[in-house]
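4 protein chains.
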Amino acid sequence: MLVVMTPQATPQQVEDVVKRIRELGFTPHVIPGATRTAIGITGNRGPEGRESIATLPGVLDVIRVTSPYKLVSRETHTEPTAFPVAATRVGGGGFTLIAGPCSVENEKMIVETAVYLAAQGVKLLRGGAYKPRTSPYSFQGLGEEGLRYLDKARRETGLGIVTEVMDVENVARIEEVADIIQVGARNMQNYPLLRRLSLTRKPVLLKRGLAGTLEEWLMAAEYIMSGGNRQVILCERGVRTFADHTRNTLDLSIIPVVRKYTHLPILIDPSHGTGKAEYVPSMSLASLAAGADGLIVEVHPDPQRAVSDGPQSLTFDAFSRMSASLRPIAEVMRVPIL
Amino acid sequence: MLVVMTPQATPQQVEDVVKRIRELGFTPHVIPGATRTAIGITGNRGPEGRESIATLPGVLDVIRVTSPYKLVSRETHTEPTAFPVAATRVGGGGFTLIAGPCSVENEKMIVETAVYLAAQGVKLLRGGAYKPRTSPYSFQGLGEEGLRYLDKARRETGLGIVTEVMDVENVARIEEVADIIQVGARNMQNYPLLRRLSLTRKPVLLKRGLAGTLEEWLMAAEYIMSGGNRQVILCERGVRTFADHTRNTLDLSIIPVVRKYTHLPILIDPSHGTGKAEYVPSMSLASLAAGADGLIVEVHPDPQRAVSDGPQSLTFDAFSRMSASLRPIAEVMRVPIL
Amino acid sequence: MLVVMTPQATPQQVEDVVKRIRELGFTPHVIPGATRTAIGITGNRGPEGRESIATLPGVLDVIRVTSPYKLVSRETHTEPTAFPVAATRVGGGGFTLIAGPCSVENEKMIVETAVYLAAQGVKLLRGGAYKPRTSPYSFQGLGEEGLRYLDKARRETGLGIVTEVMDVENVARIEEVADIIQVGARNMQNYPLLRRLSLTRKPVLLKRGLAGTLEEWLMAAEYIMSGGNRQVILCERGVRTFADHTRNTLDLSIIPVVRKYTHLPILIDPSHGTGKAEYVPSMSLASLAAGADGLIVEVHPDPQRAVSDGPQSLTFDAFSRMSASLRPIAEVMRVPIL
Amino acid sequence: MLVVMTPQATPQQVEDVVKRIRELGFTPHVIPGATRTAIGITGNRGPEGRESIATLPGVLDVIRVTSPYKLVSRETHTEPTAFPVAATRVGGGGFTLIAGPCSVENEKMIVETAVYLAAQGVKLLRGGAYKPRTSPYSFQGLGEEGLRYLDKARRETGLGIVTEVMDVENVARIEEVADIIQVGARNMQNYPLLRRLSLTRKPVLLKRGLAGTLEEWLMAAEYIMSGGNRQVILCERGVRTFADHTRNTLDLSIIPVVRKYTHLPILIDPSHGTGKAEYVPSMSLASLAAGADGLIVEVHPDPQRAVSDGPQSLTFDAFSRMSASLRPIAEVMRVPIL
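In the order they appear, the protein sequences are chains A, B, C and D. Throughout the first sequence, residue numbering follows our numbering, covering 684 to 1021 in sequence. Throughout the second sequence, residue numbering follows our numbering, covering 684 to 1021 in sequence. Throughout the third sequence, residue numbering follows our numbering, covering 684 to 1021 in sequence. Throughout the fourth sequence, residue numbering follows our numbering, covering 684 to 1021 in sequence.
And the structure:
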């Protein structure tokens, strides 16, 4: 950390800061300047004590130097994380496709979607049984019944299952069916839920919150890793900004940044990212070209009659066309589509 | 709802939209225009069917006309909501002060703070026993022990208790101690938690999420009200924007807007809103002048040694000065400070 | 400045940074740490050389310590800036009211408004002759004709004139009529215009840009001051965020922050800040309570027929009511309304 | 337009709105509903009269249905705009590369860069002679001297020149040298400048403002087109959001949206979009894959010694590598790199 004093700070105030730093068990390094003094701090292992110093008289700012995350950081774990899931894998150089409807609406539609996707070579099926909905009066998902249909879809096709958990109560139930447990954007900082998921042996797909900074997102991943779960997948799905031409603002530039700071894989969700099916293909191609580890996209047998997220769901035909346009680019990039 | 067709839409496409609207049980009203056709819809009671229409060929946009919230709306419940809490009340024309530390750090500090605040005429004490922290390695609150200390503080001073709940598991435990249960900004859209709180008889203070729109916030309140809990308090605590001169951007303009659309009371949290104790007094005065129903502010016996949120906590002296500056303005506005 | 090296940085890379700092004429202070090295820099007077260091191998970040503004800074000029304008003054403890229509639509309406405002004790009239409009097909202002009507309004009432300049060409013309020259939000970083205004002897009211950070805003003021014009007035008018319940998000918390960092006066524009006349009174009261130096509000004899900004313009009656509600609060705060 | 009345609106208020619509020369269509009335408006050609209706008693909202832009709209001009520039072209299916330093620092560096780029097959050189700088104390560009060096670079290499104009005064001077005149993000809504550029015969590259919505951006293009200049190029360069891991938030999802609503070509500026050279290549590949019409990237012979924007400038080597990685993708997409 670096303490910056105001130009008006008195020598006594500088002395008090030095004293407090020593009290905290750290080492102060006074750097006198032309108009003000700065004090470097070494020996600390995190931001502890920062606030305690920031409130001392004469202190203008306390600047953090070391990153607050440990297990997610690429600084200590330089190899990219990769692991097998169902009949495929995530991370480490491939481009993993996850597809399926927003929510499991009935047995027929989820099985039909799974059969179609399996024929397309997709290995992972998404579908929500528990749905976070803005209105208490909207369809909230089929719950356990939905999980049974997902299980059925898996047994009929061999696809792995990706489904969302919204609370600690349902983790055990979802663990039985899911191959990847999804944490939605609204729950990125639901810490009791993250702690519970740190104890599961299933991979966790952690969506970035609508107002999530890179640091908060990586710290949320750190929560999951800190309990022993090393299989965390990051997922960018658009953030909230002033821009109103898409449902959210898809932040593809976070791909190379995530790559720089962490070893965890990153997927892109262009369906929530844009909110419109017609914009999904170009953002999917862009995700591949930018170096993402894969996609999670919404596909529905009949988007016009979807109970939720119809406008952003691809039809089977649209998915096939998109898939076909991904392949030649993946080939020249030498990235296998998984 | 209003359906707007593209200029290229064919008469057949218009006919298909009309047909779909009738299938949904609503009444279409075709409005032909110079360059395009619009179709008004009546008979619907909410946004149901909107997505189903939006995905039809030739449709440019489907615009919602009626508001999606019912119980929170001022349209049907025109009187402001007010209710008693501990020895005071919230809503209906007074200015309720809630004060206390970010977290309960030990028995001594919380009791000392309560005694001080009681002497200042404050009737409600805030203090967190369960803390949502960005880092898994930071202090996470004293949990049940913290609740016991809050209970002690109440017994010694008669102050009502405001404390945060982070998950369904702890609701019953917190209900026993709290006079108002707080839902933090990160949990504004934690729907299982909101549903559980719809069943408690304690008032719920619902903070606005960091990226929460007015509509999402009111819909979150609707979740709580829809289960039978009529005692919801809204709390603005700053939203996340590009601005970096304060911790968050405190959106005081939402006060008159909330007043217009809902009967629920609204408090302001200038401590999280600004993130710096020195900016809290002016934002507190502004909240009063703008017509808020009260404040929730952080006060700590020794902010420099606070375990969390020290920089934004007022000292006892600073709180006394702020309190003194509120009184004459409240008087000329004829708003009793509660 | 403080240079932070990556944990992998080699001793040679640290050495290269030290060398570059010396080349730039500054003094390096190496601070070795447990996991990485930091290097403090003294002797520099601004951010020069920052980028040159940031691109060296092994450098993670270069953190700026000193503020980049000089003339606007409160560090060197501790007294608040105040100056007379027409028959009143701005800054230094009063609350200055500026009112009038968005644009000068014709002679009758501007004179009528001026007469009304003068009777209300207002001393400064706003009104646009040159209007920045989003559409090239919208009314663009009366131009010189509008300036003549403003001049007429001044001669009939003695009010000082506040009017906007959009380009260098018109500065001389506007200088003749205006007592305060307004720079709109879209021109906050129109540097050729700011440079030209640094040479005028008229005060400049500088609106904050829609995406303007505090630093950018103060640097824009620095442009004006750097040419010799000491009479700069800052004006907050809302920024652009995700929030859609008001036209912009009025950032009142910038009032105490501006007070801390600069000696310049700050006015609030609640009309653009909220975009709705009904929200203007509560935000005006809040601005006063928060310590602003005054207001600039839109008032129109017949908002329903206004050519621009009708929905956010107060009627004469609404202005009178708002004015009456400001007075008692100003009195107890001992702030004269000017 | 569609007028939505409040549920409390009286029949008389509905009647008054109908009357006002007729006064404006439009046709009202009353749509009675269960809880409220809506009134469709036809016969209008733009948003005129909208505010006049919005302020009538009983009106909740006035919703615009038709788009406000005409010349830029794809609705009337369905073919993509394409035109020749220097020895290449922009729009209509190719991927045009523009590259060069942030600012022209001296003759040697700009000629050296041009020679290098020409050897790489690049046909358009960027370089600023007039620079908008946040600080009045920073290097502001070489001005006319810089234009002479650009001209020299052109004569030596045959490259076309892309350079920024900041004010009306310099348009004529820049027209002589530039093949494409650039309008920077800060000037997107500098309407006098846009009007002046509507009269030039040179193509204009219009950067999106830091807080520019799609509609504002297209309306700014409409300003340029409305005076007769049909050669407008849109350029996305990142917008300002809460995200702090990149300098701006590059909004690639605007590519397919721009394609949908306008016939104008769109380029991407990944250098300003990310602010870091290391993130530029992946965002360049993503831009190509997403269907952009080209790139404008910063390249500098020695970024560590660049006077401005060093951290985001590619070295010659980095540009060559990026260029090489674009080619195979462009080939499989059948998009010629221009």
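Beta carbons: idealized from backbone N, C-alpha and C, even for Gly.
At a cut-off of 8 angstroms between beta-carbon atoms, C:Pro690 makes contact with chain A. With a cut-off of 8 angstroms on Cβ pairs, the region 837-854 of chain C is in contact with the region 786-801 of chain C, counting three or more such pairs.
By DSSP's assignment, B:Ser756 forms a beta bridge with B:Thr945. Against chain D, a Cβ distance below 7 angstroms from A:Pro1011 picks out Val1015. The Cβ neighbour count for C:Gly892, taken over all protein chains shown within 10 Å, is at least 16; the residue is labelled buried. Annotation for A:His712: the continuous beta strand (DSSP E) segment containing it runs 710-715. A:Ala737 sits away from A:Val687, with the two beta carbons spaced by 8 angstroms or more. Residue state for A:Asp992 is assigned as coil, using DSSP reduced to three classes.
A distance of 8 angstroms or more separates the beta carbons of D:Leu808 and D:Val755.
Counting only runs of at least 3 residues, the region 836-892 of chain C fully encloses the following beta strand (DSSP E) elements, listed from N- to C-terminal order: 843-847, 863-866, 887-890. For A:Phe766, the uninterrupted beta strand (DSSP E) segment begins and ends at 766-768. Residues of the region 877-896 of chain C whose Cβ lies closer than 7 angstroms to any Cβ of chain B, in chain order: Ala894, Thr896. Cα atoms of D:Ala769 and C:Leu968: separation of roughly 59 angstroms, rounded to the nearest angstrom. Not one beta carbon of chain D lies nearer than 8 angstroms to the beta carbon of B:Thr957. One Cα belongs to C:Ser1006, the other to C:Val980, and the distance between them is close to 11 angstroms. Around C:His760, no beta-carbon contact reaches into chain A at under 9 angstroms, the shortest distance being about 12 angstroms. Shown here, B:Glu788 sits in coil according to DSSP, grouped into three states, outside any helix or strand. Annotation: the continuous beta strand (DSSP E) that includes C:Ile746 extends over 742-746. One alpha carbon belongs to A:Ala802, the other to A:Val982, and they sit about 14 angstroms apart. Using a C-beta cut-off of 8 angstroms, the region 993-1009 of chain A makes contact with the region 954-963 of chain A, since at least three inter-stretch Cβ pairs fall below that distance.
Under the three-state reduction of DSSP, B:Ala797 is assigned to helix. The CB of C:Val851 comes closer than 8 angstroms to the CB of Asp850, Val851, Glu852 in chain D, given here in chain order.
Membership of C:Gly824 in any alpha helix (DSSP H) is not indicated, and neither H nor E is assigned to it by DSSP. Collapsing the DSSP output to three states places A:Phe778 in a strand. Assignment of D:Leu739 by DSSP, reduced to helix, strand and coil, places it in the coil class.
By the neighbour-count definition (other C-beta atoms within 10 Å, threshold 16), D:Asp1000 is an exposed residue.
Counting along the chain, C:Ile907 sits inside the alpha helix (DSSP H) bounded by residues 897-909.
An exposed status is given to B:Thr761, since fewer than 16 other beta-carbon atoms sit within 10 Å of its beta-carbon.
At a cut-off of 8 angstroms between C-beta atoms, D:Leu685 counts as an interface residue with respect to chain B.
Sequence-ordered contacts of the region 817-832 of chain B with chain A read Thr817, Ser818, Pro819, Tyr820, Ser821, Gln823 [C-beta pairs closer than 9 angstroms]. Here DSSP, grouped into helix, strand and coil, assigns C:Leu971 to helix. DSSP places C:Ala721 inside the beta strand (DSSP E), whose first and last residues are 720-725.
Rounded to the nearest whole angstrom, the C-alpha separation of A:Glu698 and B:Ser936 is 43 angstroms. Residue range 771-773 is occupied by the beta strand (DSSP E) that includes D:Arg772.
The three-state reading of DSSP puts B:Leu917 in strand, counting E and B together.
Look at B:Gly974: its C-beta is under 8 angstroms from a C-beta on chain C.
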